[in-house]
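Enquirer: Protein sequence lines, in the order shown, are assigned to chains H, X and P.
Per the numbering used here, the first sequence starts with residue 857, numbered consecutively.
Per the numbering used here, the second sequence starts with residue 857, numbered consecutively.
Per the numbering used here, the third sequence starts with residue 20, numbered consecutively.
All residues carry an ideal CB built from backbone N, CA and C; glycine is no exception.
Everything numeric in this text was worked out from a predicted model, so none of it was measured.
Here it is, the structure in full.
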Amino acid sequence: MNDIKEESLFEAPPIAEQERMVEAILFASAGPVSLPDMAGRMPHGSEPHIALQNIQKRYLGRGVEVVRVDQAWAIRTSADLAFLMQRETVETRKLSRAAIETLAIIAYHQPVTRAEIEEIRGVAVSRGTIDQLLELEWIKIGRRRQTPGRPVTFAVTEKFLDHFGLENARDLPGLKELRAAGLLENRPAPGLDVLSDTENDEGLQENLFEDAIEDLEDVPIY
Amino acid sequence: MNDIKEESLFEAPPIAEQERMVEAILFASAGPVSLPDMAGRMPHGSEPHIALQNIQKRYLGRGVEVVRVDQAWAIRTSADLAFLMQRETVETRKLSRAAIETLAIIAYHQPVTRAEIEEIRGVAVSRGTIDQLLELEWIKIGRRRQTPGRPVTFAVTEKFLDHFGLENARDLPGLKELRAAGLLENRPAPGLDVLSDTENDEGLQENLFEDAIEDLEDVPIY
Amino acid sequence: MQEELFESQAISERMVSETLIVDVDGFEGPLDLLLNLSRTQKVDLRKISILDLAVQYLGFIETAKELRIELAADYLVMAAWLAFLKSRLLLPPDPSEDGPSGDELAAHLAFQLERLQAMRDTAAKLMARDRLGRDRFVRGITEDMIRRKTVHYTANLLDLMQGYARIRTKDDFRPFVMDRDSVFTMEQALNRMRGLIGFAGHWTDLASYLPDGWYEDPKKRRSATASTFAASLELAKEGKIEIRQEDVFSPIKIRKKVDRDE
């Protein structure tokens, strides 16, 4: 190797050697390199354009290719292999309890405002929980309630129905059914019964999913 | 190309295609890439070690080389072309004589405690020396020695091997000769048990290049 | 570096023979100094005369003392040890004496010197290798791997119904469960105070006796304050503590009642 270097002071190194040089220069440079730049770095008399052509051919169909960028040259990953440069991981996580409860309330009481959700749950609903459900596209923002402050309401989506295997939200089991299925403690507090069952089953059911019906003219009476 | 990707869900891509992928991965990374890492990025069923062997042959005598660094692989420019690269040369802070000696002692005696380094050099090792080597990421803190005081040990890193162009710690220049001459032994001073405790001796010999030995057993040599 | 300082043997030889230009700063400890002195012997380190070396070292230290150069302690420790070694090597071995022989000690020192020299040689070899960033180069244009993480959240109809049922039954339970989360009973307060009162030699604010975690929530604080106060009255009645309030609404303070007060 040393011989070549010393000889090169007088005559250009063999073209195979020049190819090696161009290869190394293109590999190690932080940006594209122009031909004059290459020539300036290579021994006197070198012809980087010929070496470059050879290298370009050599890399044809390989995992990387020699590409022209403006007036300069660079080695780049072949476009079809770009997928190797990203890693996609999929993780399955159980929805948090807060999110499940919020979703359930929206499903049973839609269209429902955030304040109403909080009243039913008895705790504040974090912005993150709502965002998460929106992101999952299981809930959507419905129209605003015609009450002071005009709060937005939430309702479930088609995607929600798909995911939970429901034809429509009316298919959700009512409180009576939940109780019959043993999912509700069979010890209703006095007074609560009226509120939850009767209203839910009739008054609420009527207005329920009004958004889905897109009955925009009708202002619900709440 | 798309066909190949889709098929790959069911069977590994042809070896020529795998070669392209390994090539692209190695070109894209500045640091060495391990086989499991490659396999993780390539389609299921790929065998990067075979592809790698082919690629290594393909680049033999070229301007860049495929080199092994411990359990990982990287592409580096050929050392004989260094004269082309003045521009890329990174000026490393000149290491002090103490740092160089300490580095060599850690490399040849690893895992080694600070007390052992001091025993060999006959002088205290300053905090700054160790810090400098740690900062360069040429040495790392290994596990503690199971002797009184449970001192930490030091060992060299993959980055050290990469920097000095070593496949693994067994390739250190003159290692065999030094070992044969008994110069890597931690020989206790006669009658001076306090200075170099005999317990150290046992632990050291046992742990010496244990990693390298493990490698030998577990991993095929490519 | 040291190599340059002692490039040729001639220089180091002169150093020793010409009553020495003592420069301890140039050496990295006594072992380094010994290694440099050993170069004057022009022999393989394995065949070195430790006795000669000890004499040279002691001579060096002697000169340094004459020149009133302050020597680090480890140089003097080494000098003392070499003086001891010298006597062992010169005198015929005493069979009644325990411990390693002079030859054993000398052999070990020779080993240490050889080992240090070996490490220096390999260090030089190591640094002379084709190094990354100087002789071999990494890829200039790198492509970082982009990591994209997709999280799938799952929930089924049962989760949903159970969730809803949980909310609806939460209220149902209220009348049946005594909610005592925020109540700190007087028994609890009394137990706590009895444990702590032994340490209260000085007047201390009663509020500082509230248990940890009962400050933030107003409900809890109220309950804890009331029970702690009641407990303090109880303790005062028992004659265990004294209690005082300097002014209306000012902090109530208590302290242990000491015998001499009675």
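If you measure beta-carbon to beta-carbon, which residues of the stretch 978 to 990 of chain X are closer than 7 angstroms to chain H?
Expert: The stretch 978 to 990 of chain X vs chain H, Cβ under 7 angstroms: nothing.
Enquirer: Spell out whether any CB of chain P is found under 7 angstroms from the CB atom of VAL946/X.
Expert: At least one chain P Cβ lies under 7 angstroms of VAL946/X.
Enquirer: State the Cα-Cα distance for the pair LEU70/P and LEU108/P, rounded to the nearest angstrom.
Expert: Each residue's alpha carbon lies about 7 angstroms from the other.
Enquirer: To the nearest angstrom, how far is the alpha carbon of PRO1044/X from that of ALA126/P?
Expert: If I take the Cα positions, the gap works out to 12 angstroms.
Enquirer: With respect to the alpha helix (DSSP H) encompassing THR985/H, which residues constitute its N-terminal and C-terminal limits?
Expert: Residues 983 to 991.
Enquirer: Anyone know if the C-beta pair for ALA12/P and LEU1034/X falls short of 7 angstroms?
Expert: Chain P is shown from 20 up to 281; residue 12/P falls before or after that span and cannot be answered.
Enquirer: By the criterion of Cβ-Cβ separation under 8 angstroms, what are the contact partners of GLU879/H in chain X?
Expert: Going along chain X in sequence order, the residues near GLU879/H (Cβ under 8 angstroms) are ARG918, GLY919 and VAL920.
Enquirer: Of all the options ARG1026/X, LEU992/X, HIS1019/X and PRO967/X, which has the alpha carbon lying nearest to the alpha carbon of VAL999/X?
Expert: Here residue 999/X turns out to be Arg, not Val, going by the sequence shown. Ranking the options by Cα distance to ARG999/X, first place goes to PRO967/X.
Enquirer: Quick check: the stretch 907 to 924 of chain X against the stretch 949 to 960 of chain X, are there 3 or more CB pairs under 8 angstroms?
Expert: Flag = no, the stretch 907 to 924 of chain X and the stretch 949 to 960 of chain X do not touch.
Enquirer: Pick from ASP200/P, LEU77/P and LEU135/P: whose alpha carbon is nearest that of GLY232/P?
Expert: Checking every option, the nearest Cα to that of GLY232/P belongs to ASP200/P.
Enquirer: Thinking C-alpha only, which one of ASP893/H, GLU903/H and HIS1019/H is nearest GLN942/X?
Expert: Out of ASP893/H, GLU903/H and HIS1019/H, ASP893/H has the C-alpha closest to the C-alpha of GLN942/X.
Enquirer: Give a yes or no on whether the C-beta atoms belonging to ALA142/P and GLU974/X are separated by under 7 angstroms.
Expert: Cβ distance not < 7 angstroms, so ALA142/P and GLU974/X don't count as in contact.
Enquirer: Helix, strand or coil: which one does DSSP assign to GLU947/H?
Expert: If DSSP states are grouped into helix, strand and coil, GLU947/H belongs with the strands.
Enquirer: Bridge partners of TRP929/H, per DSSP?
Expert: Beta-bridge pairing links TRP929/H to VAL889/H and ARG924/H.
Enquirer: Exposed or buried, which one is ASN55/P when buried takes at least 16 other CB atoms within 10 Å?
Expert: With 16 or more other Cβ atoms within 10 Å, it is buried.
Enquirer: Terminal residues of the continuous beta strand (DSSP E) containing GLY997/X?
Expert: Correcting the residue identity first, residue 997/X is Ile in this sequence and not Gly. Here the beta strand (DSSP E) through ILE997/X covers 995 to 1000.
Enquirer: By the DSSP assignment, the beta strand (DSSP E) with GLU261/P in it spans what residues?
Expert: Looking at the DSSP string, the run of the beta strand (DSSP E) that includes GLU261/P is 260 to 264.
Enquirer: Quick one: grab the DSSP three-state call for ALA868/X.
Expert: Coil at ALA868/X, not helix or strand.
Enquirer: Around the C-beta of ALA1023/H, are 16 or more other C-beta atoms found within 10 angstroms, so that it is buried, or is it exposed?
Expert: Note on residue identity: the sequence assigns Glu, not Ala, to residue 1023/H. GLU1023/H comes out exposed.
Enquirer: What does DSSP give as the partner residue(s) for LYS168/P in the beta ladder?
Expert: DSSP, once it has assigned bridges, lists THR945/H as partnering LYS168/P.
Enquirer: Between ARG158/P and ALA886/X, which are expected to be in contact by the criterion C-beta below 8 angstroms, what is the C-beta distance as a whole number of angstroms?
Expert: Right, the Cβ-Cβ distance comes to about 5 angstroms (below 8 angstroms), so this counts as a contact.
Enquirer: When Cβ atoms are compared, which residues of the stretch 883 to 915 of chain X fall closer than 8 angstroms to chain H?
Expert: Flagged, chain order: PHE883, ALA884, GLY896, ARG897 and MET898.
Enquirer: Ends of the beta strand (DSSP E) at ILE67/P?
Expert: Taken as a continuous stretch (DSSP letters only), ILE67/P belongs to no beta strand (DSSP E), as it is neither H nor E.
Enquirer: Which whole-angstrom value describes the C-beta separation of GLU879/H and GLY978/X, a residue pair presumed to lie in contact below a C-beta threshold of 8 angstroms?
Expert: Their Cβ separation, rounded to whole angstroms, is 48 angstroms, which puts GLU879/H and GLY978/X out of contact at 8 angstroms.
Enquirer: Could you check whether the Cβ of ALA954/H sits closer than 7 angstroms to any Cβ belonging to chain P?
Expert: ALA954/H does not count as touching chain P.
Enquirer: Applying a beta-carbon distance threshold of less than 8 angstroms, which residues of chain P neighbour GLU957/H?
Expert: Chain P residues near GLU957/H: GLY182, TYR183, ARG185 and ILE186.
Enquirer: Counting only the same chain and skipping the five closest in sequence on each side, list residues whose C-beta sits under 8 angstroms from that of ASP122/P.
Expert: Excluding positions up to five away in sequence, the list reads LEU108.
Enquirer: What number of angstroms, rounded off, separates the C-alpha of LEU882/X from the C-alpha of GLU903/H?
Expert: Rounded to whole angstroms, LEU882/X to GLU903/H spans 28 angstroms at the Cα level.
Enquirer: Note down the Cα distance separating ILE931/H from ALA872/X, rounded to an integer number of angstroms.
Expert: Using only the alpha carbons, I get a separation of about 20 angstroms.
Enquirer: Are the CB atoms of LEU95/P and ALA73/P within a distance shorter than 7 angstroms?
Expert: Not closer than 7 angstroms, so no.
Enquirer: In whole angstroms, what separates the C-alpha of ALA935/X from that of ASP926/X?
Expert: Near 19 angstroms, if we compare the C-alpha coordinates of ASP926/X and ALA935/X.
Enquirer: Using the Cα positions of GLY984/H and ALA963/H, report the straight-line distance between them to the nearest angstrom.
Expert: Each residue's Cα considered, the two are about 18 angstroms apart.
Enquirer: Look at the Cβ atom of LEU254/P, then the Cβ atom of MET212/P, and state whether they are nearer than 7 angstroms.
Expert: It is a contact, given that the beta carbons lie within the stated cut-off.
Enquirer: I'd like the span of the beta strand (DSSP E) that includes ILE271/P, first residue to last.
Expert: That run of the beta strand (DSSP E) goes 271 to 275.
Enquirer: Can you give, in chain order, each stretch of the beta strand (DSSP E) that sits fully within the stretch 224 to 265 of chain P and has at least 3 residues?
Expert: If we require 3 residues or more, the beta strand (DSSP E) runs fully inside the stretch 224 to 265 of chain P come out as 260 to 264.
Enquirer: Among the candidates ILE986/H, LEU937/H and PRO888/H, whose CA atom is the shortest distance from the CA of VAL1008/H?
Expert: The residue with the shortest Cα to Cα distance from VAL1008/H is ILE986/H.
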